[in-house]
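Report on the structure given below.
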Amino acid sequence: MNAPTGSTAGTVLAVGFVLDVPLIGVPEAAGRVLDLWRADARLCELPEGRWLLLLPEPVRTRADLAPGLPLERTGHGAPTGAPGPGPRSAAVTADGRLVLTEGGATVTRVIGELPALDPADWLDPSGLALHRPRALGAAPAPEAPPVEDSVPAVARPDLRAAAGIGPSSERARRLTAETPPARGRRARRPSGGRTGSGAAWWQTARPIALAPRHAAVVVVLLMVVPLLFVVLFGLGLLKNPEVDPGGIVYASIAAALAYGALFGRRAARDGGGSTTGHAATAAPVPAGGTRAPRRARRPWLGDLLVRFTLRTPAAHLLHRRHSRYLHDLTRAFEQHRWDDALRDALPLADRERGDTAAGRPWFSLALPKRFTGQLRPTPRRGGPTATNAISGRTVHQHLTGLYRDAAERLERQGRFDEAAFVLADLLAAPAEAVALLDRHGRLTQAAELAEGRELAAELVVRLWWRAGDRARAVRTAHRRGAFAAAVERLSATDPQAARELRLAWAEHCRAAGDRLGAVEAVWPDEALRPSVAADLRDAVALGGPTRGRALPHLLALPDLMALGSGTATRALARAVLDGDGDPNAPGRSVLAATLAGLPAADPATDRELATAAARAAVRDGGLGGGVAEHSLFDRLRGRADPLTAADLPRPRPRPAPRPGGAAPAHTAVDRPGTLPVLDAALLASGSLLVACGQAGARLLAPDGRTRAHWDTPTDRLVLADHGGGALLVTDHGPDLLGLAHLDLATRTVRPWTTLRARHLAPSYDGHRLIAAAEGGIVVLDTTAPRPVAVWRELGGEERLLGGITRTASGCAALVRSPSTARTPLTEVWRWDLPGWELRAKQRVDDALTDLLSRTDPADAPDPLVLAAGSLLTVEPLPAGLLDADGGIASEDRTVLRWTSGLPEAELTVDGRAVLGPSADGDHWVLTVPTPDGTGLHGYAGTGPCSAPGLTVLVPNAPGDRLGVRRHAGAVTYWHRSGRVLATSADGTTLLANLRVTVR
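Numbering of the sequence shown is given in the working numbering, commencing with residue 6 and proceeding in unit increments.
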């Protein structure tokens, strides 16, 4: 027994034991440790070979029967009451030190610096039989939690209510109620603001649209019949005294109005009732989103009535009516009767945003103002307003002077709400109103107004940040890409707040797995650079160009040597620079170019790496291209070793391959793999990420060796644009998907949620995932613990057809929307990301109708939308039909047609395609069987083209179509039979060609 040798009597409360391993031997010591082992216990090795066992909780033991020298807990130094110079004793102090007393000598050691021992290493499982459990039955499908709707509501501040201004007078309501349905007049105001008792009829009713034949009847009754009777009576051809010409004219006008009301159709106010925006059933566009311009519906019938009225004696009465209104309004402003003046004031159109290119404004008899421009038809910004047929520009100038004088006086009196109301609602100058509210500390109100009126994104972010709603500021900055501009704008007024926003920006990127994004966010502030050291190390682990950008940033940190990783980082950078092969695959050219603009903190390290980078640039023929390549090389040579730099010439770019000739052709491995491949992508590091269904996901080297394996069943991949992570998607059933986060830097998988969705976009920005669900598009926040919808598009009457094609800058989809005609419209919609601005809508009804008229619908593959906004249709042509040369085709063919804003492109390939093409972004591949039926041919390209850009042959493959993925400057093709092939973007260089097997 290894008991203490001193005269220690009784029992002790021991927090651990010191085991004399050289005396009792390793097997005996290991057995004693295992007998005492508990969860959270700790085992360390002392320099002389003894073991230190620390227990999570103290145990009471007899000193003479203890398994080792007992450890007592004490405040500091040796245990109190320790015997004289002979005995042995041990104690653990509160600051983590071990105090050993032997033979009168005391030795102190820091426990945290002792090497740890793991008892698990003592176990030998070689003799154990491995039994794998088998499922008793099919696992029940997981339940999808409901998606939480967190779409930001559009800010619509009611300045009239905030200012305490009462409802409009009856006279003002009569005047404004006669305004045509011009959204520039009041569409931006919420109901209950200026309307008092409710929305005006033009805010809830829809304009009347007439079919051409009914419109012709109305024009005849309204114009031709009255004019004919007037001419006949004027010429004396109708002299019957019983015929009243005035009555006939008025009866004809009444008949025209009744006919129009009877046969007119109520059309959607915005040309189809688009529900694009923050809610699937709401018409307003969300903050940060902008609709594509739509042609405004002109109230031609009211226009004709106004012109006809102005040529009657009633014009004089209208002059008097408007002059009296203007006189009373002016007196109210001059007498400072603000309640009456602001209640009865008329908003002015924003002439600075006018645009007459879309057509002249229509006429109105309601309001004494004139507006010559046209604005985009959104609910919050003015649409095409009505021009008063009597009042001219002088009235507008007069009212502008009244309103500006009122705004200045109200601000001096401290009535800031009323002053902001005048600027924003009456003068159509929301930026001035926001500046006024900001000056006087009304930050929340200013932020709501700026967001509701779609002012500059950096202004909105700055105001929300200063107002304290930082989560909303971050969401707005991400959606509108305004982080950098907001930080710069905030730095001029509040540097501390700008630094906090910069940290929030970095954390936002870090949550999305974008390590380099977090580094770029804080790097301009030198004091914050040490906070991204961990992000830089994770970025180095990703390899490829990401590693090439991260290494110079790590070497630029001044305290890198103090952290103990400077030598290893320098050695890794040197190894990359001295490597051979393609300079882009290991990130050598990126590393050299980044080093040119970011010197290392240590001068000796900087000289060494600059010399190696300059040599690599000469060897590789440049630094990866760019207009500033010579300047970057001169920087490297200026910091390199002088003797070496004197002998280095300028890099000579390698000659680019000449275009022309046949398209590149590649052949996949001839044998199928042992694992199915359902999705694949070549990463920037050169590794391949492969989805193998129930066999999980694998990270493969270009030669097929497995670098990492995850057991999570994976049927699809959703890659992050920055390459630092992905979503692993599992199909649990119809429209039921399981999702898990994969961090490629740490190579860890974290389950996320189960989602009900019909389709997912194949890529995302690390934060926002685009899904097709409930007939529309929903954007989910993947950093939340459960699915949270932060944006919605379509839905309601507008339905999404097919899937969504996405790139980092935009996405497109096929949409069916209602129209004024009996048949709905089929259009290709294209949005810009991340702000979801609707940029284009193109009708494709004719292309689809022509396809179905020539092809049996059962044989026609599904059409496909590319991210640039073109529609790709496929038409199989059987043998026996006329070919392009006028002869009879002896073999089956397939014709691809692109419908876009440009002239339509067409491509004919040999073979009959059974399935439609696959696409990722603007890259597509069409699969047709080989003539002998044993393999597959893949014809690939980018966008509309008249010849394929690449041909891929997959021998010995069944009839499943090829898949395609564009990521990190490479294009990956895969087939379910276990073959994966990757090429450069132009298809000339083969980067990987392997079969996926179990190794």
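Glycine is no exception: its CB is placed at the ideal position from the N, C-alpha and C atoms.
Since the structure is predicted, the reported quantities are computational estimates derived from the model, not experimental observations.
Can you tell me the Cα-Cα spacing of residue i and residue j, whole angstroms?
{"i": "W127", "j": "E118", "result": "23 Å"}
{"i": "P557", "j": "L600", "result": "6 Å"}
{"i": "R821", "j": "A924", "result": "21 Å"}
{"i": "R300", "j": "E456", "result": "Low per-residue confidence applies at R300: pLDDT is 42, beneath 50, and the placement is therefore not dependable enough to give any value."}
{"i": "G197", "j": "R420", "result": "In this prediction, G197 has a pLDDT of 35, which is less than 50 and means its spatial position is unreliable; nothing more can be read from the coordinates."}
{"i": "L871", "j": "D837", "result": "14 Å"}
{"i": "D639", "j": "T649", "result": "13 Å"}
{"i": "P150", "j": "D726", "result": "27 Å"}
{"i": "D564", "j": "P27", "result": "42 Å"}
{"i": "P130", "j": "T994", "result": "47 Å"}
{"i": "V933", "j": "L856", "result": "19 Å"}
{"i": "D736", "j": "Y769", "result": "19 Å"}
{"i": "S496", "j": "R575", "result": "35 Å"}
{"i": "G801", "j": "A794", "result": "17 Å"}
{"i": "T679", "j": "P654", "result": "51 Å"}
{"i": "P647", "j": "A597", "result": "18 Å"}
{"i": "A429", "j": "D474", "result": "23 Å"}
{"i": "E413", "j": "V427", "result": "10 Å"}
Can you tell me the Cβ-Cβ gap for residue i and residue j, rounded? I've got them flagged as a contact below 8 Å.
{"i": "V1018", "j": "L931", "result": "In the structure as shown, the chain starts at 6 and stops at 1004, and residue 1018 therefore has no counterpart that could be examined."}
{"i": "P681", "j": "G983", "result": "6 Å"}
{"i": "A750", "j": "R552", "result": "Not a contact, Cβ separation roughly 11 Å."}
{"i": "G943", "j": "G954", "result": "Actually they are not in contact, since the Cβ atoms of G943 and G954 sit about 11 Å apart, beyond 8 Å."}
{"i": "R970", "j": "A686", "result": "5 Å"}
{"i": "D740", "j": "R763", "result": "5 Å"}
{"i": "A99", "j": "F22", "result": "No, A99 and F22 are not in contact; Cβ-Cβ is about 19 Å, not under 8 Å."}
{"i": "L57", "j": "A46", "result": "Incorrect: roughly 11 Å between the Cβ atoms, too far for contact."}
Can you name, in chain order, every residue of its own chain whose Cβ lies under 8 Å from the Cβ of residue i, other than the five neighbours on each side?
{"i": "T16", "result": "R65, T66, R67, A68"}
{"i": "H980", "result": "A673, V682, L941, V959, A962, D965, L967, G968"}
{"i": "A713", "result": "R703, L704, R752"}
{"i": "A668", "result": "A952, P953, G954, L955, T956, G992"}
{"i": "W528", "result": "R534, V537, H558"}
{"i": "A813", "result": "D726, S768, D770, L838"}
Closest to residue i by CA distance: which of the options is it?
{"i": "V723", "options": "L641, R494, T787, E779", "result": "T787"}
{"i": "V524", "options": "L495, A650, E505, L559", "result": "L559"}
{"i": "P792", "options": "I29, L958, T759", "result": "T759"}
{"i": "V479", "options": "A511, C950, D123, A706", "result": "A511"}
{"i": "D585", "options": "L614, D154, A621", "result": "A621"}
{"i": "L582", "options": "P823, A618, W841", "result": "A618"}
{"i": "L882", "options": "L18, V833, E896, A425", "result": "E896"}
{"i": "D625", "options": "L920, L495, V31, P656", "result": "P656"}
{"i": "P839", "options": "A434, G30, A487, A673", "result": "A487"}
{"i": "R542", "options": "T994, G571, P677, L468", "result": "G571"}
{"i": "L773", "options": "E779, A789, R761, G781", "result": "Here residue 773 turns out to be Arg, not Leu, going by the sequence shown. Looking at the Cα atoms, A789 is the closest of the given residues."}
{"i": "A706", "options": "Q699, A700, L468, S692", "result": "S692"}
{"i": "G743", "options": "I782, R752, Q699", "result": "Q699"}
{"i": "S875", "options": "R326, L334, A852, T904", "result": "T904"}
{"i": "A910", "options": "T939, D937, L877", "result": "L877"}
Can you find the residues in the same chain that come closer than 6 Å, C-beta to C-beta, to residue i, ignoring five residues on each side of it along the sequence?
{"i": "A702", "result": "A696, W715, T719, L733"}
{"i": "A745", "result": "T717, L733, V754, P756, W757"}
{"i": "A987", "result": "L687, A975, T977, L996, A997"}
{"i": "A544", "result": "R520, L521, T551, A555"}
Could you please give me the residues that DSSP links to residue i through a beta bridge?
{"i": "D748", "result": "G730, T753"}
{"i": "Q847", "result": "V833"}
{"i": "E803", "result": "G800"}
{"i": "D786", "result": "R773"}
{"i": "R761", "result": "L741"}
{"i": "R970", "result": "T977"}
{"i": "V38", "result": "Beta-bridge pairing links V38 to no other residue."}
{"i": "H714", "result": "R703"}
Near residue i, what residues of its chain come up, given a Cβ to Cβ distance below 7 Å and the 5 sequence neighbours on each side ignored?
{"i": "A990", "result": "G974, A975, V976"}
{"i": "A210", "result": "For A210, the predicted model reports a pLDDT of 35, less than 50, meaning its position is unreliable; a value from the coordinates is still stated below. Cβ within range, chain order: n/a, list empty."}
{"i": "S594", "result": "P588, D625, L628, G629"}
{"i": "A42", "result": "The identity of residue 42 in the sequence shown is Trp, whereas the question assumes Ala. Counting only Cβ-Cβ distances below 7 Å, and skipping sequence neighbours, we find P124."}
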